[in-house]
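See below for the structure under consideration.
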Amino acid sequence: MPELPEVQTIVNDLRKKIIGRRITGFFSDTPRIFKYAAISKIAKAIKGCKISSVERRGKNILIYLNQKLLVIHPKLTGRLLVAKSEKLNVKKDFIRAIFYLDKNLALAFSDVRKFGKIIFGDREKIEALPDLKNLGPDPLDSLTVDEFTSLISSEKRNIKQVLLDQEVIAGIGNIYSDEALWQARIHPFTPANCLSKNQLTSLYQAIREVLRKSLKARGSSMRDYRDTEGNEGGYMKIRLVYARENLSCFRCKTKIKRTKMGVRSAHFCPRCQKLAIVP
DNA sequence: AATTGTACCTGTCAGC
DNA sequence: TGCTGACAGGTACAAT
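Using the numbering used here, you'd call the opening residue of the first sequence number 902 and step up by one each time.
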């Protein structure tokens, strides 16, 4: 579920709650979510580590433990909860891993569908892994409109697929690609290399506006997303087009359409997001 | 090499 | 009420 705004919300909260805490113990009964290293190894190496900082790369949460690094990717249904240890209910809350902290706190990874991914190891080794190294630039960071244009305009795939490709730009997912394309009045199936300079500029601005707006609302809770307290985000209440099939477009009142794009669905207004005719 | 399809897993909800 | 099928924030990898 989480895309950039949801992951950034988690990261912001974690910074307030767990920086400076020491890891005192570790539990997991779901080996499949750990990539590159086994549970037993992690349990041994992570004990005693102190949390020095928390960062985001794309949709990954990076928890720095001095020379070690813990990376968590929530995929569709992953949640990070910070709570008193005794408040955790492993079965009921689908908790797959617990990092016990000092002061009787715990950082728990909950994940109904077990798609989530956790990586732990030496900082430099983890940072060099393709999981992080292959990610494109962050759309809210220092990405300029010119950089954005050169990344996008060389792609012949359709623009929605390109926006979803984390190696082009990291952090946009199915909700915010639809939201930004609606705002920029671009049809999701437009080949990226057919977009005009003006369209690319609008899209760049739309992406940044939509992501900032959602961040302000603490993200989207379409279904499973929760923040570290277990609270929902508010963006679904102010969304523009995502999950509005058959409702009327906020600009022109035309019925919003939903179309399959592979396994994902794309929502758009067939009137104000006309598919440009390819010459 | 690039693109498309499928697998991973579980809960919820609409329709019959 | 119960069953079946569609669908869900995302990759990761196999097949073409």
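Ideal Cβ placement from N, Cα and C applies to all residues, glycine included.
Within 10 angstroms of its Cβ, does Arg1014 collect 16 or more other Cβ (buried), or is it exposed?
exposed
Contact check, Lys1108 vs Pro1038, beta carbons under 7 Å
For the record, residue 1108 in the displayed sequence is Ile; it is not Lys. Contact flag unset, no.
Residue(s) in a DSSP beta bridge with Glu1092:
Per the sequence presented here, residue 1092 reads as Pro, with Glu not at that position. Pro1092 is bridged to Asn1059.
Inspect the beta-carbon positions of Pro932 and Ile940 and report whether they are closer than 7 Å.
yes
Enumerate in chain order the residues of its own chain whose CB-to-CB distance from Phe928 is below 6 Å, with the five nearest sequence positions on each side excluded.
Ile999
Starting from the Cα of Ala1167, find the closest Cα among Lys1117, Asp1079, Ser1103 and give me that residue.
Asp1079
Please identify the residue among Ile1157, Leu963, Ile996, Lys936 whose C-alpha is closest to the C-alpha of Arg1189.
Lying before the first or after the last residue shown, residue 1189 is absent from the chain, which here runs from 902 to 1180.
Is the CB-CB distance between Phe1010 and Arg997 below 7 Å?
yes
Is it true that the segment 907 to 917 meets the segment 950 to 958, where meeting means three or more beta-carbon pairs spaced less than 8 Å apart?
yes
Alpha carbon to alpha carbon, how far is Arg1165 from Cys1095? Give it in angstroms, no decimals.
22 Å
Residues that DSSP places opposite Phe1000 in a beta bridge:
Phe927, Leu1008
For Ile924 and Val972, believed in contact at Cβ under 8 Å, the rounded distance:
Actually they are not in contact, since the Cβ atoms of Val972 and Ile924 sit about 15 Å apart, beyond 8 Å.
Buried or exposed: which applies to Leu1082, given that a residue is buried once 16 or more other Cβ atoms fall within 10 Å of its Cβ?
buried
CB-CB under 6 Å to Cys1173, same chain, minus the five flanking residues each way: which ones, in chain order?
Arg1086, Arg1152, Cys1153
For a quick check, are the C-beta atoms of Leu1176 and His1088 less than 7 Å apart?
yes
Among Ile962, Arg1058, Arg916, Pro903, nearest to Ile1020 - alpha-carbon criterion
Ile962
Return helix, strand or coil for Met1123, following the three-state DSSP convention.
coil
Count the other C-beta atoms from every protein chain shown that fall within 10 angstroms of the C-beta of Gly921, then say buried if there are 16 or more, exposed otherwise.
exposed
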